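Using this note's numbering, read the sequence shown as starting at 39 and increasing by one per residue.
Idealized CB from N, CA, C, for every residue including glycine.
All figures in this text were calculated on a predicted structure; none of them were measured in a lab.
Below: one structure, written as structure tokens.
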Amino acid sequence: MTGDELRQEFLRFFESKGHKVLPSASLIPNDPQLLFTVAGMVPFKPIFWGKVEPVYTRIATCQKCLRTNDIDNVGRTPRHQTFFEMLGNFSFGDYFKKEAITWAWEFVTKILKLPEEKLWVTIYKDDEEAFKIWRDLVGIPEKKIVRMGKDTNFWGPAGPTGPCGPCSEIHYDTGVMDDCPKNEECTPANSDKRFLEIWNLVFTEFNQDENGNLNPLPKKNIDTGAGLERIASVIQKVGGNFETDLFMPIINRIGEVLNVKYKESNSKDISIRVIADHSRAVSFLIADGVFPSNEERGYVLRRILRRAVRHGVLLGAKKPFLHFINDAVIEKMGKTYPELVERRKLILEVTQTEEERFFKTIVQGNEMLNDIIAKSHKIISGEDVFKLYDTYGFPPDIVVDVARERGLEVDLNEFERLMELQREKARSARIEVEFAKSSEDYNRLAKTIKTAFVGYETLNCEATVIYTKKQDSRLEVVFDKTCFYAERGGQVADTGKISWDNGSAIVEHVYVPIEGIIAHVVRLEYGELHQGMRVRLQVDKEKRDATARNHTATHLLHAALRKALGNHVKQSGSLVAPDRLRFDFTHYQALTKDEIEQIENLVNSTIFEALPVVTQEKSYKEAVAEGAIALFGEKYGDVVRVVKISNFSEELCGGTHVKNTGNIGLFKIISESAISAGTRRIEATTGFNALNYLRTKEQLIENICEKLGTSQDEVSLRIENLLEKNHIMQRELEQLRSKSLTLQLKQAPVKQIKDIKFLYHIFDDVESNELRNLSDIAISGENSLVALLFSVSRDKVNLIVRVTQDLTKKIKAGDIAKYAAQILEGGGGGRPDFAQAGGKNPTKINEVIEYTKRLLEQK
């Protein structure tokens, strides 16, 4: 059975058991606690937490996953991977242990036809219910049901509190005896090599409270995980995951591109496996909208990609190659995951661009490593290893290999400490937990009432106060219905006014503290608000209309970007305000002037056509099937709101919009910039704000013309003339400066120390290249000369040491520079005739000069 057939058989089997088969979710989860989808259950985490009601109570998936906690073991073992596929069947308050266990056994023994005598089972030590099902219903002999502790057979909670429960696993006996104990029977409890876990059942039946108590959940859930690659290796009777048909086409492509053979050399096999695994991870991450960067997800992608490239270099690669391997990944997995095929061009271009950068920086990394080795005595510090890794992505194992060749050790403990500090900073940045944002008051309120939003149809309505809460000098108010739009989806909240007999209040902000409840932050002008009162709500029409123009323009911009740049463009953030719009999107390079003009023209052409903006409610499945774009990170129910503009744009959106694109008036891009590697930002404005922006620019040009004493038609020529004059004056200044510095050098005293001439001079704030040119002048036509030229700038000092060729056998510039660097509290070195040093203590310059004098006297 092939890996593709195994995947389909699993989904088909559980579909026959009443499960809804869903496609894999993205590798980027909607979860602030996680960088990546690390398990099949991650997309359903809100359901497991009881915060979202499931649409389907039985679900089956093959989920693409990514983990990097064991990345250093990838390639060195037959099982470790970063990217993998996880087969899973889930029950949300439906079936429980009996069905989960018997169906798992049925699939493994009847569909996969694995021999029962090769299978063992583990359970949580206190799970008597699971034990009886395995023994009495399935018929497993008691001795093959192994009780395990909480560290291996109890899942969760994911944090100090939350859902958790015991686990039960199916293990396959490989027959390998390497780690079996001599005086007792070999079981999954005492042998990791012989027994391979192929199936894990998590019985989520408890909620752990703040005191560590386990309280039964009102709805019990099932979470199953079965690694596709692991099961495939067992079914196909091969030595590990990498030898299955899921990997071999990729490994064969590596052999073709790098001219190597698999299974000929252990060290080369490790590199081949690393590249095979990492090429899959890189391809899927880029397909899901991650781009190489120095932060979070982008940092992980960059690390994986560069690690693959480094192993390619070990196999002899002299130029970028990984994009060719990624092509094999797309060929192998594109039918199952069509996003690979759709984004093939993007995947290959981003990979090749990053490869080319790394081939350049790896040279810089090697130079830095050589400098570190030169100053290290017996051991390379963990700080230096971390600096190499953090600056150039230079893997620590390269440092270890090179250090071993030079007879040095590496302080990996210090490196790991610094890495952990960095991880802790990343964790701290993500500590907010999405599912614990709302207060207990709003949680209770949401169980009895929902706020009806009528703001699509009207900007004023009457409503009843159902809840109030004092917040500092403001009041939070919930009504039974509202026409005020709450901040969400990037759109700012409405503002406006509330009035009632004997009272008035200003609405300053509106938000959703918990799904179904809309809270209004208000400032009382006079009177009081109490539960049960009837009031009149009035939205600020001017602000709403301006915001609606910008929101519809955001949809047009998104569509225009995809038409101009390609379908890889995805929204990664937005802000819709009355005065401007901001749109963040995935793209791997800056937009050209022509591209920006093309995008502006596309948007404005659609505005000038005055197309109707149509909103409809449809099922989520129907809307997406018709081509509506669902934005990642947004939560959608079974029924969604679709905003469609002719054949130009169609998106799922809950925001407010104009009725006709002609209402937007005018669209103008104000700026385009990078906010991180692989993510760009456009800021734009519409309507009168766009007109005012253009008027401001016009006024600026008029002011420039007035100051230059010229007309708008001639202002460009006038500026060019001024720039040319400025360039000539700058060149003359540089020539005068050069002459001045040369004169200083020629007036510097030359001391005769026996038969050696010694020249030194201290300059103020001279650039490195100027100092180098001055050193050439100092030794020009000279013999038996040693020159020290210093440049002091604030609290820094640079030094160039020159020694004429006739002296280099007994006096070496590099030795002087190294010693000077120690005195000046910096670094340095170089050739016998030319060397440089630098430091942060200019007060020590005289010590360097005196040291050099003594050295020359000794020579």
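Tell me the rounded alpha-carbon separation between residue i and residue j.
i      : j      : result
Leu760 : Leu783 : 35 Å
Ile183 : Thr212 : 17 Å
Asn221 : Tyr162 : 25 Å
Ser610 : Phe623 : 5 Å
Leu456 : Asp409 : 21 Å
Tyr480 : Thr486 : 10 Å
Glu478 : Lys398 : 55 Å
Asp539 : Thr262 : 59 Å
Glu454 : Val677 : 49 Å
Lys488 : Tyr505 : 12 Å
Arg840 : Ile791 : 16 Å
Lys475 : Ala531 : Here the model assigns Lys475 a pLDDT of 43, short of 50, so the residue's position is not dependable, and the following value carries that caveat. Each residue's Cα considered, the two are about 19 Å apart.
Phe52  : Asn127 : 7 Å
Taking residue i as the reference, give the member of the options with the closest Cα.
i      : options                           : result
Val641 : Arg587, Gly126, Asn408 and Phe623 : Arg587
Ser129 : Glu123, Phe121 and Ile139         : Ile139
Ser331 : Arg718, Met286 and Glu144         : Arg718
Ala602 : His625, Ile552 and Pro358         : His625
Asn811 : Ala355, Arg775 and Arg291         : Arg775
Phe828 : Gln737, Asn879, Lys257 and Thr842 : Asn879
Ala728 : Gly327, Lys848, Ala584 and His57  : Ala584
Asp518 : Glu546, Ala557, Pro287 and Asp532 : Ala557
Glu553 : Ala524, Thr282 and Leu629         : Ala524
Val788 : Val347, Gly703 and Ile887         : Ile887
Met39  : Gly203, Ser271 and Gly88          : Ser271
Glu154 : Pro195, Lys135, Gly177 and Ala591 : Gly177
Phe241 : Asp164, Ala366 and Phe121         : Asp164
Gln71  : Gly354, Met286, Glu462 and Lys413 : Glu462
Pro650 : Ser687, Asn111 and Glu638         : Ser687
Leu25  : Glu281, Glu638 and Val76          : Past the boundaries of the shown model lies residue 25; the chain is included only from 39 to 897, so the question cannot be answered.
Tyr857 : Leu352, Thr890, Glu452 and Lys745 : Thr890
Glu394 : Thr592, Arg340 and Gly372         : Arg340
Tell me the DSSP bridge mates of residue i?
i      : result
Gln901 : Not covered by the structure: residue 901. The range shown for the chain is 39 to 897.
Cys202 : Phe244
Glu688 : Lys682
Phe128 : Ile97 and Asp261
Leu513 : Lys508 and Val560
Trp538 : Gly541
Glu655 : Arg679
Gln874 : Ile838 and Gly867
Val790 : Note that residue 790 corresponds to Gln in the displayed sequence, not to Val. Lys795.
Tyr162 : Met186
Phe397 : Bridge partners of Phe397: none, in fact.
Ile720 : Phe621 and Glu710
Asp211 : Phe233
Please list, in chain order, all residues of the same chain as residue i whose beta carbon is under 6 Å from its beta carbon, the five residues on each side excluded.
i      : result
Lys579 : Leu497
Trp237 : Ala142, Ile208 and Ala264
Leu125 : Phe48, Cys100, Ala264 and Leu266
Lys897 : Lys848 and Ile849
Ile861 : Lys882, Glu885 and Val886
Gly671 : Annotation note: pLDDT 46 at Gly671 (below 50); position unreliable, no value reported.
Lys136 : Ile171
Met79  : Asp261
Between residue i and the rest of its own chain, which residues show a CB-CB distance below 7 Å, the 5 nearest in sequence each way excluded?
i      : result
His589 : Gln529, Val614, Gly693, Thr694 and His695
Val437 : Leu407, Ile418, Val423, Leu426 and Val448
Ser749 : Cys743
Val607 : Leu599, Arg600, Phe623, Thr624 and His625
Ser20  : The displayed coordinates of the chain run from 39 to 897. Any statement about residue 20 would go beyond what the structure contains.
Val652 : Lys682
Ala319 : Leu104, Thr120, Phe121 and Ile342
Ala597 : Phe686 and Ser687
Asp307 : Tyr300 and Lys301
Does any heavy atom of the ligand PLP sit closer than 8 Å to the C-beta of residue i?
i      : result
Lys148 : Because no ligand of any kind appears in the structure shown, any question about the ligand PLP cannot be addressed here.
Just confirm the distance between the C-beta atoms of residue i and residue j, as a whole number of angstroms; I'd bet it's less than 8 Å.
i      : j      : result
Glu721 : Arg618 : 6 Å
Gly604 : Thr502 : About 51 Å separates the two Cβ atoms, so there is no contact after all.
Lys706 : Leu732 : 7 Å
Gly194 : Gly203 : 7 Å
Gln390 : Pro434 : Between Pro434 and Gln390 the Cβ distance is about 26 Å, and since that is not below 8 Å, they are no contact.
Can you name, in chain order, every residue of its own chain whose Cβ lies under 8 Å from the Cβ of residue i, other than the five neighbours on each side?
i      : result
Ala520 : Sequence check: residue 520 is Thr here, not Ala. Here the set comprises Thr489, Ala490, Phe491, Val492, Gly493, Cys499, Ala501, Val548, Ile556, His558 and Leu575.
Glu895 : Ile791 and Lys792
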